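Numbering (our numbering), first residue to last: 202 to 382.
Ideal Cβ positions, reconstructed from N, Cα and C, are used throughout, including at glycine.
For clarity, every value in this text was computed on a predicted model and none was experimentally measured.
Please read the structure below before turning to the comments.
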Amino acid sequence: MTQLRRAWRAASVPGRFFEDLPDEPALGAAAAAGGVSLLMGALALGVVLARGTASDAWPLFLLGTPLMVLPYAVLVSILGSLVLMRPAGMDLRAFEIVAWAWVPSGFLAVSLLPIGWFAPWATMAGALAMLPAWHLWLVWRGTEVHATARPRAAAILYLLSVFGLPSVLVAFTLSVLSHAG
């Protein structure tokens, strides 16, 4: 129960949460909380996608969605942490901040799943709007507390590299694919 309280505290009062972290980064606890939250989010996404497409391939959605989401999230977390390290003057604390920043995905999964059962597409649109903003808020607050240099620049660079660049690449790919043929 302690880990759940820590996760809620990170998601609800990130400034105080990051201020109260011990001097040495605890990557294990942060990675566990972020990983479990991402798994819960991926499973809920699978359920909502299966429900939204009226598919009877539940095992495919429940296994396939985490297999697609989790490696991407790990890659984005590693790259995002590396992007934060240099401009913010942080060490392993950058990895800890990014791991804790994924905790909202678990809370969104638990809270939106009942609604997603009845309104899957509206729920996914809401989650896609809320998760990046909540995630970035945690990264912003953690960087603000622990950065030794340029916290604002580091958080903006994180935003551009983790959400901006992939969004542009997806839009470009969709544009190319829609015109191919």
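Exercise for the section: Measure the CB-CB distance between Pro352 and Ala300 and report whether it falls below 8 Å. Expected result: no
Practice task
Taking only the alpha-carbon atoms, compute the straight-line gap between Leu250 and Leu264 and give it to the nearest angstrom.
Solution key: 12 Å
Exercise for the section: Put Trp338 into one of helix, strand or coil per three-state DSSP. Expected result: helix
Handout entry: Reference Phe308; option with closest CA among Trp318, Val237 and Glu297
Key = Val237
Exercise for the section: State whether the stretch 269-277 contacts the stretch 332-339, with contact taken as three or more CB pairs (one from each stretch) at a distance under 8 Å. Expected result: no
Problem - Cβ neighbour criterion (16 or more within 10 Å) applied to Val284 - result: buried
Practice task
Tell me where the alpha helix (DSSP H) around Pro226 begins and ends.
Solution key: It is not in any alpha helix (DSSP H) - Pro226 carries neither H nor E in the DSSP assignment.
Handout entry: Opening and closing residue of the alpha helix (DSSP H) in which Ala258 lies
Key = Segment: none, Ala258 is in no alpha helix (DSSP H) and carries neither H nor E.
Problem - Span separating the alpha-carbon of Ala381 from that of Val369 - result: 18 Å
Handout entry: Cα-Cα separation between Arg252 and Leu293, rounded to whole angstroms
Key = Going from the Cα of Arg252 to the Cα of Leu293 covers about 40 Å.
Problem - Test item: CB-CB of Gly216 and Val346 under 8 Å - result: yes
Practice task
Starting from the Cα of Glu220, find the closest Cα among Arg342, Pro305, Tyr359 and Leu261 and give me that residue.
Solution key: Taking Glu220 as reference, the option from Arg342, Pro305, Tyr359 and Leu261 with the minimal CA-CA separation is Arg342.
Practice task
Kindly indicate the opening and closing residues of the alpha helix (DSSP H) around Ala355.
Solution key: Pro352 to Leu360
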